[in-house]
Amino acid sequence: MRFSHREWTVAAGLMLAFAVPLAVTLLLTGSQAAPAKPEAKATEKATAKAAAHRLVLPINTDDPTTMRALISTSLNLPKYYQERNEAFTIEVVAYNAGVHMLRADTSPVKDLLRVLKSVNANIRFVVCDATKLGMERQEGRPVTLIGGVEIVPSGPGRIIELQEAGWSYIRS
Numbered sequence: 003m004r005f006s007h008r009e010w011t012v013a014a015g016l017m018l019a020f021a022v023p024l025a026v027t028l029l030l031t032g033s034q035a036a037p038a039k040p041e042a043k044a045t046e047k048a049t050a051k052a053a054a055h056r057l058v059l060p061i062n063t064d065d066p067t068t069m070r071a072l073i074s075t076s077l078n079l080p081k082y083y084q085e086r087n088e089a090f091t092i093e094v095v096a097y098n099a100g101v102h103m104l105r106a107d108t109s110p111v112k113d114l115l116r117v118l119k120s121v122n123a124n125i126r127f128v129v130c131d132a133t134k135l136g137m138e139r140q141e142g143r144p145v146t147l148i149g150g151v152e153i154v155p156s157g158p159g160r161i162i163e164l165q166e167a168g169w170s171y172i173r174s
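So the sequence shown is numbered by the working numbering: it starts at 3 and just counts up by one.
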């Protein structure tokens, strides 16, 4: 997959936005990782294998600021769990006006989504079919989604199913 200069610039900006504050914090606090004892490492590995974190993130607004906040969460949380060597999966569920985030013709963040998908293989995007069909009826034409988006019968229903299956929920 080839990225344009603009996509690389967006990715570099995102990385700097998160890496620089962390580096400054580490420099200011003089934080250094203490060497772990062998038995502590074994315990950490056992815990890491057992931990599988799953998060559902809803989007039901066409507000670009909210969309960017969701993308930021989707970039930062996997890093946090990766540092702990723990599995982490995200499912973004779009319904109502949030479907615009994943539409090929109206998404204000499609470049950021492309970058996000390239750095986080454990993220899934789904769209509420009921909302999509309603948009198609209202607009009188098919709604085209960005690549890799899946359709579920009901966005809110999918969120409920995931929560009942033990997924965590954060509202952006």
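The beta carbon of each residue, even a glycine, is placed where N, CA and C say it ideally should be.
Check	Outcome
Proximal residues to Val111 (C-beta, below 7 Å), its chain only, five neighbours per side dropped	Pro66, Met69, Arg70, Ile73 and Met103
For Ile61 and Ala96, believed in contact at Cβ under 8 Å, the rounded distance	5 Å
Where Cys96 falls: helix, strand or coil (DSSP)	Per the sequence shown, the amino acid found at residue 96 is Ala instead of Cys. If DSSP states are grouped into helix, strand and coil, Ala96 belongs with the strands.
DSSP three-state assignment for Ile61, whether helix, strand or coil	strand
Host alpha helix (DSSP H) of Val121 (start-end)	Lys112 to Val121
Arg70 (DSSP reduced to helix, strand or coil)	helix
For Val154 and Leu77, the rounded distance between their alpha carbons	24 Å
Glu88, enclosing beta strand (DSSP E) - first and last residue	Element bounds for Glu88: n/a, residue is neither H nor E.
Cβ separation of Ala106 and Thr146, assumed to be a contact under 8 Å, to the nearest whole Å	4 Å
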